[in-house]
Amino acid sequence: MIARKLTPCEFARAIRNGLGSAFLHITTYGDKGVDDCVRDACVNNLIYDSQLENGRANWLTNMIVRSGQLAFYANEIKIALKRIPEDVGDFDQLVWLAVNLYELGFSECGEALLTLFHQECTPENYSIALLCALVNIAGLSGLNKAVHWLIRECPDDDSNMVELAKHAVSQFNKDCIEEVFADGAYNDPEIEAFVQAVNAFNKLWEGAPHTPEPAPLLALSDVIHLARSSTKHGYIRGLLEFGQNAPTADLTEICTKLEQENSPFSQCAYLQVFRKRPLPRVTHELLRLLNSPDKRVRHNSLLAFSRTRDALLRAEALRFIDSDQEADISAAFDLLEANYAHGDSQRFQQALTKVQDREYLNSVALSLIRLEELWPLEEFTNSLLHLLEYGPCGCCRRNILEALHKRRAAPDQMVFEAQWDANYEVQHVARRIVQEGSLDEK
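If you read the sequence shown in numbering that gives the first Met the number 0, its first letter stands for residue 0, the second for the next number, and so on.
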């Protein structure tokens with residue numbers, strides 16, 4: 000199958016989202032006209048949700064190796080390694096790109112990392128990725144430096160000690176951290192303190208399964224008191240559990256209080272009650288929350304209303320989906336999760352073309368995945384295909400690819416490209432589809 004040749008605009012979107020089409024474009028057609036996009040993807044972490052998705056350093060390394068301009072990108076990455084920023088998300092990707100390039104023979108990238116370690120690392124601003132990188136660059140000597148620095152400067156940072164230990168074990172292929180330090184040259188008090196801290200941390204987490212303390216059992220009066228006294232946005236323990244178990248009469252009373260409430264903090268608290276249970280009634284007074292000037296109130300009202308089936312909510316969703324505002328369109332998909340009717344999907348495609356913001360695109364993708372699970376209809380196919388190409392989140396992309404394959408609607412070209420996606424789980428799904436023999440390789 001032939002790789003698509005992307006326009007610069009298409010490539011910029013594809014590499015930002017981590018699509019395999021960007022990788023294949025570089026390997027097939029080179030980086031002419033898109034080198035700025037590749038450089039930007041290297042020095043800035045473009046992942047939508049770094050907590051859920053794997054890093055892209057290896058994916059980007061493989062891309063620039065195949066670009067024919069490896070020395071150019073190596074130099075750009077070295078130049079970018081001048082300081083440790085407060086937000087280490089971009090920096091950690093740079094670190095691992097530099098490590099990969101060092102291992103490919105660009106010694107100056109390793110030297111840049113060592114300089115950063117010696118000149119920039121402080122207890123207030125350091126990166127565990129940089130400490131781990133010392134192991135790759137200088138072996139046991141680098142690990143020795145990293146351990147001594149961590150014990151001396153951040154003795155209570157047990158979680159990063161474990162991260163460093165795990166990385167050392169993976170690099171030296173040992174069964175336990177003690178073996179890494181078996182050499183007598185590394186037998187000193189700070190190393191011993193490091194080993195003890197790691198072992199103590201592991202024992203804590205490898206013991207009996209942790210059972211979280213149950214949420215308090217709240218009465219209706221408790222919920223009203225907590226909501227009225229709330230002075231900030233945020234999760235309040237026990238409200239969700241109250242909503243799951245409360246009698247309908249209590250939920251109706253909460254609705255009455257919510258209709259009368261004007262404080263955004265109290266409104267958000269009351270709305271938490273309905274995170275997992277439909278509202279017993281919907282009124283025009285409650286609908287006003289969808290248009291609140293407070294962003295958190297709008298967000299919490301959508302979370303609550305998305306589980307409630309009601310004619311007023313459906314009418315509001317249809318009004319939103321015809322809007323030109325991205326926030327309204329995203330809200331429409333939330334509200335339609337419980338209020339979808341056959342034929343609504345005809346409005347989806349036009350609405351989706353108006354959504355460009357990554358936050359709203361991801362919200363729409365999550366809603367559409369839930370809609371597809373509740374209403375496994377063929378009419379969702381075009382919308383799923385759109386979000387497979389434009390959605391920013393690799394985790395959603397995996398679920399969408401699975402849904403399309405299940406209904407035999409995944410285009411061969413998209414499956415082919417997904418084998419080189421930046422998200423490993425998307426790669427796995429695509430390669431499984433290919434192995435099943437359902438891809439036309441022409």
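From the three backbone atoms N, C-alpha and C, an ideal C-beta is built for every residue, glycine too.
Computed from a prediction, not measured in an experiment: that's the story for all the values here.
If we ignore side chains and look at the alpha-carbon of each, how far apart do residue i and residue j end up?
| i | j | result |
| --- | --- | --- |
| E102 | K31 | 26 angstroms |
| C8 | S322 | 26 angstroms |
| H166 | L112 | 17 angstroms |
| C175 | Q355 | Bear in mind that a pLDDT of 47 at C175, under 50, signals an unreliable position, so the model cannot answer this. |
| H404 | R397 | 11 angstroms |
| A421 | P410 | 19 angstroms |
| C41 | L301 | 36 angstroms |
| A13 | T60 | 16 angstroms |
| A303 | E162 | 38 angstroms |
| S366 | R406 | 19 angstroms |
| R65 | W419 | 13 angstroms |
| R15 | S49 | 13 angstroms |
| D221 | L370 | 35 angstroms |
| W58 | S20 | 13 angstroms |
| A137 | F171 | 12 angstroms |
| P154 | L96 | 28 angstroms |
| F273 | E372 | 21 angstroms |
| P375 | P277 | 22 angstroms |
| L130 | L100 | 17 angstroms |
| H224 | E252 | 13 angstroms |
| D293 | A226 | 16 angstroms |
Quick check on the burial criterion: 16 or more other C-beta atoms within 10 angstroms. Buried or exposed for residue i?
| i | result |
| --- | --- |
| Q349 | exposed |
| A164 | buried |
| P391 | buried |
| P263 | buried |
| N338 | buried |
| K231 | exposed |
| Y125 | buried |
| Q271 | buried |
| D309 | buried |
| Y234 | exposed |
| S228 | exposed |
| A248 | exposed |
| A218 | exposed |
| D327 | buried |
| G436 | exposed |
| M160 | buried |
| S169 | exposed |
| E85 | exposed |
| E152 | exposed |
For residue i, which residues of its own chain have a beta-carbon under 8 angstroms away from its beta-carbon, when the five flanking residues on both sides are left out?
| i | result |
| --- | --- |
| K275 | L239, G242, Q243 and R306 |
| S401 | In the sequence under discussion, the amino acid at residue 401 is Glu, which differs from the Ser named in the question. Excluding sequence neighbours, E401 sits near V428. |
| A408 | E377, T380, L383 and L384 |
| R346 | L317, I320 and D321 |
| E508 | With the chain represented from 0 up to 441, any question about residue 508 goes unanswered, as that position is not in the structure. |
| R313 | L334, L335, N338 and A340 |
| L311 | V281, T282, H283 and L286 |
| H298 | none |
| I368 | C395, N398, I399 and A402 |
Hey, residue i and residue j are a contact pair by Cβ (cut 8 angstroms); roughly how many whole angstroms apart?
| i | j | result |
| --- | --- | --- |
| Q266 | E258 | Not quite, the Cβ-Cβ distance comes to about 10 angstroms (not below 8 angstroms), so this is no contact. |
| S329 | E378 | Contact doesn't hold; Cβ gap of about 20 angstroms is too wide. |
| F332 | V296 | F332 to V296, Cβ: 19 angstroms. No contact. |
| H24 | L5 | 5 angstroms |
| L115 | L80 | 6 angstroms |
| A11 | T27 | That belief does not hold up - the Cβ atoms of A11 and T27 are roughly 17 angstroms apart, past 8 angstroms. |
| A56 | Q92 | 5 angstroms |
| G29 | G67 | 6 angstroms |
| E416 | L18 | 7 angstroms |
| P215 | R236 | 7 angstroms |
For residue i, which residues in the same chain have their Cβ closer than 6 angstroms to its Cβ, ignoring the five residues on either side in sequence?
| i | result |
| --- | --- |
| E75 | R38 |
| L250 | P279 |
| A132 | V94, V98 and L112 |
| K77 | E107, C108 and A111 |
| G183 | The predicted model places G183 with a pLDDT of 49, which falls under 50 and marks its position as unreliable; any figure quoted below should be read in that light. Nothing listed; no residue qualifies. |
| V33 | P7 and F10 |
| D89 | N43 and N44 |
| Q434 | none |
| G63 | Here residue 63 is Ile; the residue named in the question, Gly, does not match the sequence. The residues are L69 and Y72. |
| Y423 | N53 |
| A207 | Residue placement at A207 is poorly supported in this model, since its pLDDT is 48, which falls under 50; the coordinates are not used for a value here. |
| A128 | D91 and V94 |
| N135 | V98 |
Report all residues from its chain with a CB closer than 7 angstroms to the CB of residue i; omit the five preceding and five following residues, and keep chain order.
| i | result |
| --- | --- |
| R431 | none |
| M413 | L387 |
| N361 | Y47, G390, P391, C392 and C395 |
| V425 | G393, R396, R397, L400 and A417 |
Worksheet item: Pairing CB atoms from the stretch 143-159 with CB atoms from the stretch 120-135, are three or more of them under 8 angstroms?
Response: Contact between the stretch 143-159 and the stretch 120-135 is present, because at least three Cβ pairs lie under 8 angstroms.
Worksheet item: Would you say the stretch 247-257 touches the stretch 289-299, given that touching needs at least three Cβ pairs under 8 angstroms?
Response: Touching, no, given that fewer than three Cβ pairs across the two stretches are closer than 8 angstroms.
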